[in-house]
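What follows is a short report on a single structure.
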Amino acid sequence: MGCCESKERSSSPKGDGLYFLGIEIDEKKKKEMVEAAKVVDALLAAGVVAWGVSSLLSSGSSGNKKVMKAPGRNGYIFGEDFESVPKSYFKTFVIKLLMFVNV
2 MGCCESKERS SSPKGDGLYF LGIEIDEKKK KEMVEAAKVV DALLAAGVVA
52 WGVSSLLSSG SSGNKKVMKA PGRNGYIFGE DFESVPKSYF KTFVIKLLMF
102 VNV
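Numbers in this note's numbering are just positions in the sequence shown, counted from 1, shifted up by 1.
Structure (C-alpha cells):
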C-alpha cells in the first residue's frame with residue numbers, strides 16, 4: 002500500500018444514499034441544493050449580462066474619440082477638445098508654464 006492508501010474502506014451506513022463530507026443527502030436536500038445552484042447560475046448570468054451592457058455603453062462614449070499629441074507637452078489629449086477652442090488651450094498652457102517657471 003502507498004502512503005496515502007488506507008486498509009479501511011469508506012462505506013455508507015445504508016450503502017444506497019448520497020453522501021457529501023460524511024453527511025447523508027436525502028432527496029429533499031438534493032432538491033434544495035439543485036434549486037440553490039439554479040439561483041446561483043441565474044445571478045451569475047445576470048451579472049455577466051449587466052457587465053456586458055455597461056461595457057458596451059461606456060466604450061461607446063469615449064471609445065470613438067480620437068486623440069492627438071498635446072502641443073507643447075509630452076502627452077495626449079482628445080482632438081475635439083483642442084479643435085473646438087485651440088486659443089483657450091494655448092492660453093491655459095502658457096499660464097501653467099509661467100506658474101511653473103516662477104515657482
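The beta-carbon is built from N, C-alpha and C at its ideal position, and this holds for glycine as well.
What do you get for residue i, buried or exposed, if any count of 16 or more other CB atoms within 10 angstroms of its CB means buried?
i          : result
residue 19 : exposed
Hey, quick one: how far does the alpha helix (DSSP H) through residue i stretch, first residue to last?
i          : result
residue 82 : 80-85
Mind reading off the beta-carbon distance from residue i to residue j? Whole number of angstroms is fine, and I expect it under 8 Å.
i           : j          : result
residue 152 : residue 79 : Not covered by the structure: residue 152. The range shown for the chain is 2 to 104.
residue 73  : residue 94 : 6 Å
residue 1   : residue 77 : Outside the modelled stretch of the chain, which goes from 2 to 104, sits residue 1, for which no answer is possible.
Kindly say whether residue i, judged by its beta-carbon, lies nearer than 7 Å to any beta-carbon of chain D.
i          : result
residue 79 : Of the chains in the structure shown, none is chain D; there is only one protein chain.
DSSP beta-bridge partners for residue i?
i           : result
residue 112 : A question about residue 112 goes unanswered here, because the residues of the chain that appear run from 2 up to 104.
residue 26  : 19
If I follow the unbroken beta strand (DSSP E) through residue i, where does it start and stop?
i          : result
residue 19 : 19-21
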